[in-house]
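Counting the sequence shown from 1 gives a position; the working numbering is that position plus 2.
All residues carry an ideal CB built from backbone N, CA and C; glycine is no exception.
Contents: one structure, followed by commentary.
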Amino acid sequence: MVAGDGRVSDVKVGKTSDTGSVAQLSHDVGVKMVGEAYPLRTAMSVPVSGPGDLQIVSANTAAAPAATDAAPFDKSKSVSQLIQDGSIRRSEAPSPTPEVAKPGAQAGVTVTYADAAANDPTKVPDFIIKKDGTIEATGDFEALQRKNVVVQVERAPGDTSDPNAAQKNSIDKVVSYAYERLGADPTVAQTGLKLNDEFGLISENLVKKLATNGDPGVEPSIADSRRDFSPESQRAMSNMSRMTPGSSGSMSRGDVERQFPPRDVPTLPGETDKVQDTKNAVAGMFNPDKAAPYETVRVRNNNYEVGRYGMNYPVMRDYFYDLGGFNLDEMDEDGFIAMLSKLDKNGKLPKSFMKFKKKDGSFDKEAVGKFLKFAKGMKEGHKEGQPEGVTAADVKANLPKEMQEEMAMAMVEKYNKAGGDSAGKTALAFHLGKGPDQFTQTDLSDKGNQEYMRAADRLAQLSGARHGMGENDRLDYKVSLDGTSMDAKIVNRAFSHANRVGTQGWCAREFQIAWANIAPELVGSGDGVQMTRAFQRSDKFQQVDWQTAQEAMRGGKAVAVTRTWDPSVGNTATGGHVATLAMQNGRVMEASDHVTQFSKNNGRYQPNKDKFFVYTG
Numbered sequence: 003m004v005a006g007d008g009r010v011s012d013v014k015v016g017k018t019s020d021t022g023s024v025a026q027l028s029h030d031v032g033v034k035m036v037g038e039a040y041p042l043r044t045a046m047s048v049p050v051s052g053p054g055d056l057q058i059v060s061a062n063t064a065a066a067p068a069a070t071d072a073a074p075f076d077k078s079k080s081v082s083q084l085i086q087d088g089s090i091r092r093s094e095a096p097s098p099t100p101e102v103a104k105p106g107a108q109a110g111v112t113v114t115y116a117d118a119a120a121n122d123p124t125k126v127p128d129f130i131i132k133k134d135g136t137i138e139a140t141g142d143f144e145a146l147q148r149k150n151v152v153v154q155v156e157r158a159p160g161d162t163s164d165p166n167a168a169q170k171n172s173i174d175k176v177v178s179y180a181y182e183r184l185g186a187d188p189t190v191a192q193t194g195l196k197l198n199d200e201f202g203l204i205s206e207n208l209v210k211k212l213a214t215n216g217d218p219g220v221e222p223s224i225a226d227s228r229r230d231f232s233p234e235s236q237r238a239m240s241n242m243s244r245m246t247p248g249s250s251g252s253m254s255r256g257d258v259e260r261q262f263p264p265r266d267v268p269t270l271p272g273e274t275d276k277v278q279d280t281k282n283a284v285a286g287m288f289n290p291d292k293a294a295p296y297e298t299v300r301v302r303n304n305n306y307e308v309g310r311y312g313m314n315y316p317v318m319r320d321y322f323y324d325l326g327g328f329n330l331d332e333m334d335e336d337g338f339i340a341m342l343s344k345l346d347k348n349g350k351l352p353k354s355f356m357k358f359k360k361k362d363g364s365f366d367k368e369a370v371g372k373f374l375k376f377a378k379g380m381k382e383g384h385k386e387g388q389p390e391g392v393t394a395a396d397v398k399a400n401l402p403k404e405m406q407e408e409m410a411m412a413m414v415e416k417y418n419k420a421g422g423d424s425a426g427k428t429a430l431a432f433h434l435g436k437g438p439d440q441f442t443q444t445d446l447s448d449k450g451n452q453e454y455m456r457a458a459d460r461l462a463q464l465s466g467a468r469h470g471m472g473e474n475d476r477l478d479y480k481v482s483l484d485g486t487s488m489d490a491k492i493v494n495r496a497f498s499h500a501n502r503v504g505t506q507g508w509c510a511r512e513f514q515i516a517w518a519n520i521a522p523e524l525v526g527s528g529d530g531v532q533m534t535r536a537f538q539r540s541d542k543f544q545q546v547d548w549q550t551a552q553e554a555m556r557g558g559k560a561v562a563v564t565r566t567w568d569p570s571v572g573n574t575a576t577g578g579h580v581a582t583l584a585m586q587n588g589r590v591m592e593a594s595d596h597v598t599q600f601s602k603n604n605g606r607y608q609p610n611k612d613k614f615f616v617y618t619g
């Protein structure tokens with residue numbers, strides 16, 4: 003079973019080649035490092051909504067990595083000396099201006115993308131990591147008395163994948179070097195260093211060592227806006243940040259799937275795509291252990307969060323109250339069995355709860371007792387200096403993966419309803435242990451929570467985009483200039499499908515096949531004329547005029563058209579035509595059961611009777 007999916011088959015879209023993961027490097031370090039309040043990591047995400055957000059673009063071509071020396075720099079040498087001995091190249095880019103640090107100001111290292119920092123005067127580079135891993139310096143940051151060292155990393159426009167192996171090696175070398183040189187200053191050693199890893203470009207091992215003073219038993223210190231989130235969730239938040247405003251790119255199915263933890267349980271009865279995508283967002287933001295996601299146990303604020311979805315005790319308690327109207331806080335073995343018996347009698351016992359039954363059909367008091375002991379451990383939480391109250395083995399035995407999926411489905415449905423179908427609010431509800439209808443203004447205005455919700459929304463929409471992807475397909479995207487959203491494109495799927503079919507007379511059928519995973523409510527709608535009513539009923543389409551349709555196409559939106567036969571051609575009440583429209587090289591093209599240029603004044607159809615529908619998701 004693939005990551006984040008409960009399905010077996012998919013519909014193809016285009017071609018792709020998968021990208022592999024790269025090794026992560028770490029170096030010895032030794033001064034306190036404090037994480038900064040910025041998005042951190044790699045990712046591919048595809049939120050769907052605002053107009054003109056996502057367009058069909060060509061795939062990026064990665065630069066071939068150069069052979070790079072893996073050995074760390076000689077940290078006893080200055081930048082000028084490293085340039086002289088050939089370890090670093092002198093950049094032709096202008097040198098940063100000298101800097102006079104304010105008394106008590108915290109020094110720091112910022113790692114960012116070159117294109118994202120191009121117009122930011124506060125991020126003029128001290129070091130540039132080229133696409134092939136070559137390291138360039140614009141000047142000697144110590145000679146310039148700069149206490150905020152900026153490392154810019156080059157990438158192909160819109161590339162969201164991890165830096166290649168040579169770049170990763172170079173990033174870690176430069177960061178480790180700058181860290182140690184800055185840390186040699188007694189003032190810096192006293193106040194600590196800020197680590198501003200905007201897009202998660204530093205290897206996780208090095209981040210851990212820098213942030214914890216080399217002590218693997220201590221969690222990294224993080225910025226205030228992210229202080230309530232685990233390092234794993236921070237990483238997921240950062241994964242979404244690489245979709246910088248105005249960027250575009252192309253993702254393989256493997257790129258998409260790596261954003262979600264593996265799912266071993268098939269789609270549940272009644273589990274809609276919307277629910278599955280939100281579940282994937284919740285799981286992706288919790289970011290459980292990839293090797294055994296369903297057995298993950300984490301402690302946050304002395305509370306346990308377990309399984310694929312980071313289930314905490316308040317969410318569990320909420321689930322059981324909704325299930326049977328019973329308070330898990332007050333439940334003993336007899337009360338729990340009474341609840342199960344009532345559910346069983348009414349035909350409402352969840353399938354996964356059969357684990358509590360014996361072969362003779364009676365409920366197993368011993369199994370119930372073990373579960374309640376597990377629930378008590380979840381409620382009491384972690385206690386310093388005492389053995390863990392909840393272990394991976396406890397989760398596996400008492401909250402098996404099938405039960406986790408059923409519980410997550412029920413709570414996602416509830417929280418989606420309370421939060422207006424916002425995956426972001428639902429994910430935050432799992433994190434906070436309370437429904438969106440219980441959020442305070444403080445919850446909603448918190449910067450960390452806002453970032454968490456934005457990232458979850460993007461993950462949910464990315465999950466939705468992958469439903470129609472085959473093993474060798476790619477997802478092409480373009481992010482809106484304001485960076486608020488993206489629109490997963492159906493256009494390439496419709497056109498590639500129409501090119502494969504290459505027939506005439508089957509426009510409605512082939513249109514429906516191409517759109518089946520995105521708008522299943524259109525399937526079986528009938529002929530072109532009947533599909534007009536299907537579009538009008540669907541909440542995923544907005545009917546617009548021709549001018550608005552053209553503007554939407556220029557912005558990369560998917561547009562559908564339905565047309566009525568001219569009386570000289572056929573019955574005006576039946577038949578007709580339906581197609582997907584897209585702007586390509588300044589021309590409006592259409593895809594149905596074949597691809598051709600769209601003609602607004604085609605004599606086969608009644609003039610001024612065309613109806614245009616913009617896909618809004």
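Coil, strand or helix - residue 126 by DSSP: Locating residue 126 in the sequence shown gives position 124, where the first residue counts as 1. Correct three-state label for residue 126: coil.
Ordered along the chain, which non-local residues of its own chain (more than five positions away) have a Cβ less than 6 angstroms from that of residue 281? Translated into the one-based positions of the sequence shown, residue 281 becomes position 279. So the list reads 410 and 414, once near-sequence residues are dropped.
Any idea if residue 391 is buried or exposed, counting beta-carbon neighbours within 10 angstroms, 16 or more meaning buried? Residue numbering aside, residue 391 sits at position 389 when the sequence shown is read from its first letter. Per the 10 Å Cβ criterion, buried.
Please confirm whether residue 2 and residue 175 have their CB atoms less than 9 angstroms apart. Because the chain here runs from 3 to 619, residue 2 falls outside it and cannot be looked at.
Name the DSSP bridge partner or partners of residue 199? Position 197 of the sequence shown, counting from 1, holds the residue named residue 199. In the DSSP output, where bridge partners are listed per residue, residue 199 has 113.
Distance, Cα to Cα, residue 261 vs residue 241? Counted from its first residue, the sequence shown places residue 261 at position 259. Counted from its first residue, the sequence shown places residue 241 at position 239. Roughly 8 angstroms separates the two Cα atoms.
Which first and last residues belong to the alpha helix (DSSP H) in which residue 583 is found? Here the question's residue 583 lines up with position 581 in the sequence shown. Run containing residue 583: none in the alpha helix (DSSP H); it sits in the beta strand (DSSP E), 579-586.
Buried or exposed (CB count within 10 angstroms, at least 16 for buried), residue 161: Your numbering for residue 161 matches position 159 in the sequence shown. It is buried - the Cβ of residue 161 has at least 16 other Cβ atoms within 10 Å.
The stretch 298-306 / the stretch 392-409 touching (three or more Cβ pairs under 8 angstroms): yes
Give me the residue from 113, 536, 275 and 157 with the minimum Cα distance to residue 199. The residue you call residue 199 lines up with position 197 of the sequence shown. Among 113, 536, 275 and 157, the Cα nearest to that of residue 199 belongs to 113.
Anyone know if the C-beta pair for residue 421 and residue 435 falls short of 9 angstroms? The sequence position of residue 421 within the sequence shown is 419, counting from 1. The sequence position of residue 435 within the sequence shown is 433, counting from 1. Contact: no.
Once you ignore the five residues that flank residue 331 on each side, which residues in its own chain have a CB closer than 8 angstroms to its CB? Sequence index remark: in the sequence shown, residue 331 carries index 329 (1-based). Correct list, in chain order: 319 and 381.
Inspect the beta-carbon positions of residue 372 and residue 400 and report whether they are closer than 9 angstroms. Here residue 372 is taken as the residue at index 370 of the sequence shown, counted from 1. Here residue 400 is taken as the residue at index 398 of the sequence shown, counted from 1. For residue 372 and residue 400, yes; Cβs fall inside 9 angstroms.
Out of 340, 156 and 385, point me to the one whose CA is closest to residue 364's CA. One-based indexing of the sequence shown puts residue 364 at position 362. Answer by Cα proximity: 340.
Contacts around residue 579, its chain only, beta-carbon distance under 6 angstroms, and the 5 residues preceding and following it disregarded: Residue 579 sits at position 577 when you count from the first residue of the sequence shown. Result list for residue 579: 509, 530 and 565, in chain order.
Tell me the rounded alpha-carbon separation between residue 465 and residue 258. Translated into the one-based positions of the sequence shown, residue 465 becomes position 463. Translated into the one-based positions of the sequence shown, residue 258 becomes position 256. Residue 465 and residue 258: Cα-Cα distance of roughly 8 angstroms.
Suppose you measure from the CA of residue 541 to the CA of residue 616; what does that come to, to the nearest Å? Taking the sequence shown and counting its residues from 1, one reaches residue 541 at position 539. Taking the sequence shown and counting its residues from 1, one reaches residue 616 at position 614. Between residue 541 and residue 616, the C-alpha separation is close to 11 angstroms.
Quick check: what's the CA-CA separation for residue 446 versus residue 457? Your numbering for residue 446 matches position 444 in the sequence shown. Your numbering for residue 457 matches position 455 in the sequence shown. Straight-line Cα distance between these residues: approximately 14 angstroms.
Pairwise C-alpha distance: residue 526 and residue 165: Against the sequence shown, residue 165 aligns to sequence position 163. Against the sequence shown, residue 526 aligns to sequence position 524. Each residue's alpha carbon lies about 45 angstroms from the other.
Neighbourhood of residue 190 by C-beta distance below 6 angstroms, restricted to the same chain and skipping five residues each side: In the sequence shown, residue 190 corresponds to position 188, counting from 1. Excluding positions up to five away in sequence, the list reads 109 and 184.
Burial state of residue 604, where buried means 16 or more other Cβ atoms lie within 10 Å: Your numbering for residue 604 matches position 602 in the sequence shown. It is exposed - the Cβ of residue 604 has fewer than 16 other Cβ atoms within 10 Å.
Quick one: using the 10 Å Cβ neighbour count with 16 as the cut-off for buried, is residue 295 buried or exposed? For the purposes of this step, residue 295 is taken as the residue at position 293 of the sequence shown. Buried is the call here.
If you draw a straight line from the alpha carbon of residue 352 to that of residue 406, how long is it in whole angstroms? Here residue 352 corresponds to residue number 350 of the sequence shown, with the count starting at 1. Here residue 406 corresponds to residue number 404 of the sequence shown, with the count starting at 1. Taking the straight line from one Cα to the other gives about 11 angstroms.
Using the C-alpha atoms, what's the distance from residue 462 back to residue 506? Residue numbering aside, residue 506 sits at position 504 when the sequence shown is read from its first letter. Residue numbering aside, residue 462 sits at position 460 when the sequence shown is read from its first letter. The straight-line gap from Cα to Cα measures roughly 36 angstroms.
In angstroms, rounded to a whole number, what distance separates the CA positions of residue 424 and residue 451? For this step, residue 424 is matched to residue 422 along the sequence shown. For this step, residue 451 is matched to residue 449 along the sequence shown. Those two C-alpha atoms are separated by around 14 angstroms.
Which word fits residue 273, buried or exposed, when buried means at least 16 other C-beta atoms lie within 10 angstroms of its C-beta? For this step, residue 273 is matched to residue 271 along the sequence shown. Buried, because 16 or more other Cβ atoms sit within 10 Å of the Cβ of residue 273.
Have a look at 92, 545, 517 and 127 and flag the residue whose alpha-carbon is nearest the alpha-carbon of residue 138. Here residue 138 is taken as the residue at index 136 of the sequence shown, counted from 1. If we check each option's Cα against that of residue 138, 92 comes out closest.
Helix, strand or coil at residue 515 [DSSP, three-state]: Sequence index remark: in the sequence shown, residue 515 carries index 513 (1-based). Correct three-state label for residue 515: helix.
Same chain, Cβ closer than 7 angstroms to residue 287, neighbours up to 5 away in sequence not counted: Along the sequence shown, one-based indexing puts residue 287 at 285. Result list for residue 287: 235, 238, 429, 454, 457, 458 and 461, in chain order.
DSSP three-state call for residue 411: helix, strand or coil? Residue mapping note: residue 411 aligns to position 409 of the sequence shown, counting from 1. Note: residue 411 maps to helix in three-state DSSP.
Would you identify the three-state DSSP class for residue 468, choosing helix, strand or coil? One-based indexing of the sequence shown puts residue 468 at position 466. In the structure shown, residue 468 sits in a helix (DSSP, three-state: H, G or I).
Tell me which same chain residues have a C-beta within less than 6 angstroms of the C-beta of residue 180, skipping the five on either side of it? On the sequence shown, position 178 is the one that residue 180 refers to. Counting only Cβ-Cβ distances below 6 angstroms, and skipping sequence neighbours, we find 111 and 151.
Cα separation between residue 383 and residue 389? Taking the sequence shown and counting its residues from 1, the one referred to as residue 383 is at position 381. Taking the sequence shown and counting its residues from 1, the one referred to as residue 389 is at position 387. Straight-line Cα distance between these residues: approximately 11 angstroms.
Rounded to whole angstroms, what's the CA-CA distance from residue 595 to residue 498? Just pull it up for me. What you label residue 595 is simply residue 593 of the sequence shown in a count that begins at 1. What you label residue 498 is simply residue 496 of the sequence shown in a count that begins at 1. So the alpha carbons of these two residues sit roughly 10 angstroms apart.
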